[in-house]
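Take a look at the structure below.
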Amino acid sequence: MATVTEEARSTWHDHVSDAEYRMVMEFLFREAMLLDAGRLVEWLELLAPQIRYTLETPRFEMVQATMRQGEPSVCLMNEDMGSLEARVKQLTTPSLTLAENPRSISRRFVTNILVERHEGQLLAHSNVLLHRLRVGQGAPHGFSTQRTDRFAMIDGRLKLAQRQARLDEPMINTHSISAMF
Amino acid sequence: MATVTEEARSTWHDHVSDAEYRMVMEFLFREAMLLDAGRLVEWLELLAPQIRYTLETPRFEMVQATMRQGEPSVCLMNEDMGSLEARVKQLTTPSLTLAENPRSISRRFVTNILVERHEGQLLAHSNVLLHRLRVGQGAPHGFSTQRTDRFAMIDGRLKLAQRQARLDEPMINTHSISAMF
Amino acid sequence: MATVTEEARSTWHDHVSDAEYRMVMEFLFREAMLLDAGRLVEWLELLAPQIRYTLETPRFEMVQATMRQGEPSVCLMNEDMGSLEARVKQLTTPSLTLAENPRSISRRFVTNILVERHEGQLLAHSNVLLHRLRVGQGAPHGFSTQRTDRFAMIDGRLKLAQRQARLDEPMINTHSISAMF
Amino acid sequence: MNAMFGQELRNDETTFSRSIFSSEGVHAAEIETIFNSTWLYVAHAAELPDPGSYVVRPMGGDEAIIIRGKDGVIRGFLNSCRHRGMQLCRADAGRSSRLVCPYHAWTFDSEGKLVTTSYDQHYDKAWFDELGLTPVGRIDSYKGLIFASWNDQVCPLDEHLGDLRWYLDILFARTPCGVTPLGPPQRWVVDTNWKIAGLNFLDSQHALRTHAGPLDAVYKAGGPPPQELAKLVDRSPQITFPQGHGIVSALRGDAPPFAGWDEALVPLFEQTLSPAQFAHFRDCPPQVGTIFPNLSWAEPLLTVSTRTPPIHFLLLRLWQPRGANQIEVTSWYFADKEASEEWRHASHLVAAQSFGVGGVFDEDDMEAWAGISRSIRNPISRRVPVHFNAGRGMAPIENFSGPGTAYPSLLIDRAQLGFLTRWRELMGKAEEVA
Amino acid sequence: MNAMFGQELRNDETTFSRSIFSSEGVHAAEIETIFNSTWLYVAHAAELPDPGSYVVRPMGGDEAIIIRGKDGVIRGFLNSCRHRGMQLCRADAGRSSRLVCPYHAWTFDSEGKLVTTSYDQHYDKAWFDELGLTPVGRIDSYKGLIFASWNDQVCPLDEHLGDLRWYLDILFARTPCGVTPLGPPQRWVVDTNWKIAGLNFLDSQHALRTHAGPLDAVYKAGGPPPQELAKLVDRSPQITFPQGHGIVSALRGDAPPFAGWDEALVPLFEQTLSPAQFAHFRDCPPQVGTIFPNLSWAEPLLTVSTRTPPIHFLLLRLWQPRGANQIEVTSWYFADKEASEEWRHASHLVAAQSFGVGGVFDEDDMEAWAGISRSIRNPISRRVPVHFNAGRGMAPIENFSGPGTAYPSLLIDRAQLGFLTRWRELMGKAEEVA
Amino acid sequence: MNAMFGQELRNDETTFSRSIFSSEGVHAAEIETIFNSTWLYVAHAAELPDPGSYVVRPMGGDEAIIIRGKDGVIRGFLNSCRHRGMQLCRADAGRSSRLVCPYHAWTFDSEGKLVTTSYDQHYDKAWFDELGLTPVGRIDSYKGLIFASWNDQVCPLDEHLGDLRWYLDILFARTPCGVTPLGPPQRWVVDTNWKIAGLNFLDSQHALRTHAGPLDAVYKAGGPPPQELAKLVDRSPQITFPQGHGIVSALRGDAPPFAGWDEALVPLFEQTLSPAQFAHFRDCPPQVGTIFPNLSWAEPLLTVSTRTPPIHFLLLRLWQPRGANQIEVTSWYFADKEASEEWRHASHLVAAQSFGVGGVFDEDDMEAWAGISRSIRNPISRRVPVHFNAGRGMAPIENFSGPGTAYPSLLIDRAQLGFLTRWRELMGKAEEVA
Ligand code: FES
Ligand code: FES
Ligand code: FES
Ligand SMILES: [Fe+3]
Ligand SMILES: [Fe+3]
Ligand SMILES: [Fe+3]
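Chains as they are written, first to last, in our numbering: chain A, 497 to 677; chain B, 497 to 677; chain C, 497 to 677; chain D, 399 to 832; chain E, 399 to 832; chain F, 399 to 832.
Set out below in structure tokens:
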């Protein structure tokens with residue numbers, strides 16, 4: 497978000513063509529479709545080998561001064577390709593997962609997609625509301641998240657090179673995440 | 497979703513022009529506006545005469561093998577133009593409906609719109625979060641749904657010819673649906 | 497919504513170019529980003545000096561006749577630039593706000609953006625789901641809202657001249673709003 | 399009966415306290431006295447086709463696994479591991495030759511026997527026999543309908559169903575192969591008391607008013623005009639049974655015999671049912687009813703679209719309490735196995751359109767039930783009694799064509815009273831013990 | 399008073415147990431002893447303009463329909479059908495000559511009489527008189543403010559309001575036509591105890607601190623500087639009444655007489671009020687107050703924008719309990735019927751901007767109330783008492799210009815103590831009965 | 399012990415009633431008898447670096463502010479204003495020289511003394527000494543771990559920790575500077591009983607089954623093959639302490655000494671610990687454990703990615719009850735202050751990937767705990783006992799290399815039994831009082 501400067505804002509859509517916007521938008525929607533359907537092996541193919549995937553959440557902190565400080569954050573996930581592959585193996589192998597067998601019912605509502613170019617790479621901001629119903633839970637859990645994604649073109653295809661996701665939930669009201677945002 | 501093949505994905509936006517994408521997107525947003533406003537008679541005009549409208553929900557089933565099976569599904573609605581007209585008459589006539597008089601307050605959040613061409617017809621995938629507050633309920637119910645729509649051009653206007661909606665809720669946590677997705 | 501006539505609908509995207517649509521969409525997404533981040537002073541800069549900002553909510557009313565009447569509405573907020581500046585000052589000064597210190601965690605999911613031209617001005621309809629977690633509350637509150645915005649071009653930049661927001665919640669299930677939609 | 403129930407129940411034989419429909423105290427007593435003591439419907443045999451097929455079903459406040467063993471026998475077990483109590487099956491249904499607990503992998507066979515603890519070296523072999531799955535008290539079935547009870551002293555199932563069986567044959571065993579469910583059940587939640595739902599399936603007064611819209615569509619599609627229907631309803635019989643069960647019977651009126659049925663089935667009906675049952679089915683079928691305590695059925699002749707002629711469908715409903723003011727509904731559609739694929743499909747369409755969580759009939763019923771539950775629990779409101787006095791003093795039909803005690807109108811409250819009288823009887827026993 | 403309440407209440411005359419603000423047991427007793435026994439505000443007469451106009455309003459733990467009959471008389475009924483208890487009116491308001499139950503269509507006229515059961519052939523005519531809607535115990539009004547009670551033995555309304563009426567005239571009946579609501583009320587939910595809200599409207603200590611931001615804006619728009627305001631508050635009178643009501647009066651200070659009013663109203667005030675009332679209104683108006691048990695008002699002189707001069711608005715608030723730790727707020731804005739359209743509009747704007755679910759004052763108050771309720775219910779926390787000891791021992795003003803017992807500062811706790819002392823008195827009576 | 403607990407607890411020394419894990423009545427007694435009576439972990443000293451640094455932490459059913467005073471001393475106070483009970487600090491952490499109540503601005507210094515009421519003119523000066531913040535009963539620390547108790551008669555902390563301290567040194571004070579938290583804690587909610595969580599950290603049976611997936615990844619990344627691991631686990635010692643604490647010790651097996659550690663730390667370990675502690679740490683470290691009542695730790699050697707070699711990380715967990723069937727988890731990662739930045743980062747990565755709300759180990763554990771709690775509370779299910787009988791009769795290891803009573807396998811239930819025996823002892827005392 498730091499890259500969304502005042503300057504960038506006024507000239508935003510000069511930098512990113514309609515075709516590029518649509519390419520990123522469709523990437524994110526197709527990605528959500530794969531994640532919702534539990535097609536995680538296919539999802540891995542959307543990632544660049546150097547993928548860095550982080551999830552954090554803020555913490556409530558009282559401010560005494562007149563200016564607001566940034567909220568300190570708590571690390572929830574910090575993944576590379578190796579750990580994501582291990583997660584995918586666990587989640588897609590019924591005998592290896594208790595949390596996801598029966599598989600949870602998931603729906604990702606992806607909104608507020610803003611695309612910009614930063615140091616030659618496409619960068620996208622988006623919000624995701626993940627509606628996740630786990631077996632045995634009386635009601636679904638709504639994970640509200642904000643993401644900043646950095647993309648790379650590899651062999652002519654768009655790949656996700658970095659995702660910084662922020663969960664809006666200092667006290668997470670469900671017993672585990674067991675999902676990707 | 498079965499039509500979203502690996503091939504289709506890479507060439508997706510060659511098939512569907514920006515104008516077509518926007519036409520479908522605006523159709524879905526205007527449709528949502530009519531449904532939210534209870535303008536159901538006008539909504540019927542958006543449908544092709546051969547409309548087939550289905551709603552189903554999955555069921556949790558334990559998987560013992562290493563491969564996931566598709567989730568079996570439960571039929572909730574299966575409608576044609578005749579039954580939809582009957583529903584609209586009931587829902588829009590105050591003296592004939594108890595469930596919808598006073599009318600529920602509805603808001604459809606339509607997201608993740610992906611459009612493709614399939615056998616010459618436009619096909620759209622979308623997610624809808626229907627936030628529905630019924631009188632007497634302390635809190636709104638959030639219906640999380642995924643839809644696959646098939647369109648037809650009739651007399652130069654886009655019409656909905658088929659909707660397959662899936663509700664993400666094996667145990668539906670409200671006493672009736674009384675709404676269209 | 498009254499301006500969305502049958503005629504307007506069929507010719508909708510003749511009136512508003514893709515560039516205009518994208519400009520409005522990005523305005524709304526950037527606006528949401530500022531509001532979510534608590535950057536309210538910057539948000540004020542997006543408003544035209546003549547800004548009229550209203551928030552209302554409907555009330556359940558039984559209808560006996562065969563035709564539905566419009567739902568009567570309850571005024572919740574009715575603001576001009578002066579009162580919005582006062583609100584921003586209160587909300588951004590830690591020593592002056594109890595409701596927003598610690599600052600609530602907010603995420604606005606902006607969807608269903610429809611843009612039209614009305615009397616020469618751009619008009620946008622959109623839905624916003626504001627997911628707001630206040631300190632001390634066990635669960636976030638979801639504010640479901642529908643907005644109709646009128647824009648003005650001032651010095652070559654798009655500004656918000658009027659916002660009519662409608663909250664879908666006759667009995668508001670949280671102790672105060674302390675937010676902008 | 400203790401003082402509290404006395405006040406609630408004894409005002410008058412047709413007057414009841416609202417608290418019996420809303421008090422958590424009354425409900426806790428019901429769990430012991432009714433749900434943990436009598437027979438509860440759990441599944442249809444066709445849901446368990448193979449050895450190892452199982453479904454997980456509510457039984458009172460608990461969950462049971464209903465499973466077909468390797469030996470083909472259907473058994474029921476508490477859905478809770480004997481080690482530390484883990485919920486053994488976390489899904490609605492499945493198929494497995496062994497039930498393996500996901501926590502420490504204690505493994506039970508399909509007859510409930512503990513096969514291994516995974517660490518048998520640390521357990522005394524003598525304990526194994528004691529640590530099998532906890533079985534239900536009794537399990538039995540009638541024409542494919544499987545019932546179970548937590549109470550091993552419960553009366554035989556045949557005694558519990560009694561003369562109702564004559565009508566159950568007409569519904570569930572009228573062809574050589576019987577009925578089969580059309581897919582897995584719908585499940586949903588209603589904020590109401592379980593008795594309000596069961597009583598509603600014995601209540602015809604509301605039907606003409608609450609369902610005026612859909613009944614008008616049925617009329618337009620070729621059904622009876624509303625005025626005629628009202629008259630027919632006022633002279634159709636309702637039937638009550640000492641076990642608390644009740645039936646809403648529907649005189650055929652001017653409709654041709656077996657209208658709305660797959661014609662090919664009619665000879666099968668005649669061949670399978672007794673002549674008296676066949677005649678009754680033809681002229682005055684058991685259209686709607688409730689099996690005490692919490693199972694209801696309906697088999698109406700309906701349509702939703704004015705362009706589609708009315709058709710029959712068979713619906714079965716379980717009203718599972720979650721406390722005094724909420725129920726979990728499980729709702730199955732059935733069809734005769736011999737019905738043609740097209741007829742079955744057409745029946746299923748109208749079934750889902752009219753009765754179910756998305757049905758145009760149910761949506762208004764359930765709004766009413768929830769409205770009652772919202773109102774009657776309040777401190778002033780619960781002091782006011784409720785009334786089941788329509789037709790008080792009306793005499794039963796003499797020499798009725800079927801078993802049970804029949805009354806000559808559907809617009810009175812006798813079947814509902816029969817249900818509540820049985821409830822009062824059982825809750826009274828609770829009092830003598832307490 | 400039973401042992402439990404004794405421990406909670408009897409520590410000291412200005413010290414109270416936290417449990418009286420958080421225990422569900424205490425709250426259940428309050429419903430009986432206070433909410434089902436005394437007068438409760440239900441509506442303003444202007445909300446019911448026509449025969450058949452009705453509103454549905456909370457009354458303790460129940461809902462009442464307040465309806466103007468064909469005869470023009472306003473009545474109150476339990477919102478629950480006499481047949482099976484269906485919630486009769488499911489909307490907030492409406493207009494109808496008959497109330498038809500949506501379940502089986504029992505039909506009541508606007509005087510509550512049962513007109514038809516829809517199936518009268520099956521009901522004894524003699525029952526009809528007994529089966530009308532359940533009326534409230536008493537209903538009465540004062541200057542357009544309608545109060546009702548479930549208790550038919552309640553004291554007369556005039557006695558309940560007592561000397562407070564002198565001030566209510568100043569607020570609600572100071573012009574020939576009186577006040578009228580500006581649209582339907584706002585409604586929202588706060589997780590707090592109803593007494594915390596009512597007491598807050600008698601508490602001025604918090605105002606200077608919690609509302610420092612908005613008060614600074616008022617100052618910038620031409621209001622008093624914060625230091626001056628603090629001094630004015632410390633010498634303005636608070637008034638208490640034996641029925642538990644209380645008033646925060648505000649000395650005008652340096653402001654010109656009737657600043658922030660539509661000038662055209664002032665002659666009407668003078669003509670309508672008594673000279674003493676008029677003088678009081680001019681110099682020391684009853685700015686904020688609470689009518690026991692759960693109604694509060696405010697009529698401050700405020701602005702939110704620094705560019706808009708301060709203006710008056712009149713706010714009325716109902717604090718309806720939903721258990722010990724939650725309230726449902728109903729909040730109306732009023733204006734004198736004779737006020738100009740522009741003044742009324744300007745008043746309404748500032749009203750919504752400052753006091754209401756979206757108001758810059760309320761948003762901080764309600765965060766405090768919720769914070770108290772989160773904290774005081776906990777097992778260690780509830781052992782610690784709360785204090786209402788500011789100004790203990792201070793003597794009342796002699797020869798005060800209005801009725802009631804007045805104390806010479808707003809920064810003390812005497813009006814709050816008066817409210818709690820009345821509460822203690824009533825809860826004590828409960829004990830004698832029990 | 400009262401009749402209810404007797405029935406639940408006295409079946410057999412290794413058999414317990416399910417109700418002790420699910421009954422709200424039992425839990426209410428636990429709050430008094432355990433949580434308001436014994437020592438509770440509240441913070442690590444490194445979380446409070448400066449004068450005025452504070453954190454807000456749960457203590458039983460209440461919240462405490464743990465604050466470092468101007469004098470450097472760490473104190474604990476009830477998080478509730480002494481005036482009207484407002485929640486004083488509404489955030490998780492902060493730093494302030496004074497605590498100002500947001501409602502009426504009563505101001506307390508960092509030692510808890512009331513400094514001003516903002517309106518001191520209306521308060522008796524004599525009251526000030528009595529109206530400071532409510533302090534905890536006792537607060538003390540061991541090697542940076544701060545514990546507090548609401549009970550001012552609680553035994554000394556050293557007595558509560560007892561011989562466990564020998565192992566705590568190995569975990570939290572094995573280098574000159576000790577450990578420091580890696581950022582603020584994760585916090586989340588699990589629908590289970592607090593004892594189920596604490597017991598799980600003494601349970602190794604489940605680990606080999608529930609975590610088969612991640613353990614396979616560890617193997618592929620260079621860890622022990624599953625078969626070897628199972629054997630190692632079956633001969634590794636578990637340790638129990640009379641205060642209810644327990645340890646899961648892990649024999650190193652074939653791994654080189656101090657594999658998965660920052661090598662530069664090893665000499666510091668040797669220099670800081672006693673020779674016996676150092677040898678124990680090297681050969682059989684206290685890998686997992688629970689400190690009675692509700693604190694657990696783990697310091698495993700793990701990896702998630704098959705491409706990254708296993709590494710150590712140190713985890714500390716608080717299981718804070720919210721009633722009988724829900725807990726709030728607070729979870730910190732720690733590292734030795736002297737560890738290199740890179741090692742610390744690598745350790746943190748694997749820590750979050752494996753143990754935490756997003757961890758591949760925890761996600762399956764917590765599903766099991768929630769599954770138990772869903773099942774054991776039901777009316778039939780709660781009649782069935784749970785078993786802790788693995789290894790019943792097995793004798794302790796003689797001459798074990800560290801303090802405490804050690805048993806020669808991790809696949810038995812003795813440490814879990816030790817925890818529950820202590821629980822039974824304390825709840826028994828409650829009974830004698832009652
Ligand atoms: S709980 Fe089932 S094996 Fe331990
Ligand atoms: S409940 Fe009102 S008419 Fe039956
Ligand atoms: S409640 Fe803290 S100052 Fe009044
Ligand atoms: Fe019905
Ligand atoms: Fe205030
Ligand atoms: Fe584990």
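Backbone N, C-alpha and C define an ideal beta-carbon position, used for all residues, glycine too.
Give me the residue from the options with the minimum Cα distance to residue i.
{"i": "D:TRP504", "options": "D:THR590, D:LEU531, D:ALA489", "result": "D:LEU531"}
{"i": "E:TRP730", "options": "E:PHE711, E:GLU736, E:GLU739", "result": "E:PHE711"}
{"i": "F:ASP561", "options": "F:ILE432, F:ALA441, F:ILE637, F:ARG473", "result": "F:ILE637"}
Looking only at DSSP bridge pairs, what is residue i linked to?
{"i": "D:VAL453", "result": "D:ILE464, D:ALA491"}
{"i": "B:ARG662", "result": "B:GLU552, B:GLN642"}
Is the CB of residue i under 9 Å away from at least one CB in chain B?
{"i": "E:LEU818", "result": "no"}
{"i": "E:ALA485", "result": "It should be pointed out that residue 485 of chain E corresponds to Gln in this sequence rather than to Ala. Closer than 9 Å to some Cβ of chain B, the Cβ of E:GLN485 qualifies, so yes."}
Between residue i and chain E, is any beta-carbon pair separated by less than 9 Å?
{"i": "F:TYR501", "result": "yes"}
{"i": "C:HIS472", "result": "Lying outside 497 to 677, the shown extent of chain C, residue 472 of chain C is not represented and no answer is given."}
Cβ of residue i within 9 Å of Cβ of residue j?
{"i": "F:ASN591", "j": "F:ASN723", "result": "yes"}
{"i": "F:VAL686", "j": "F:GLU668", "result": "no"}
{"i": "F:GLY826", "j": "F:ARG812", "result": "no"}
{"i": "B:GLU538", "j": "B:LEU530", "result": "yes"}
{"i": "E:SER752", "j": "E:PRO612", "result": "yes"}
{"i": "F:SER435", "j": "F:GLU461", "result": "no"}
{"i": "E:SER647", "j": "E:PRO655", "result": "no"}
Please check if any C-beta of chain F sits within less than 9 Å of the C-beta of residue i.
{"i": "D:ASN477", "result": "yes"}
**Asked** Quick one: complete beta strand (DSSP E) runs, 3+ long, within the region 634 to 670 of chain E?
**Response** 636 to 638, 644 to 647
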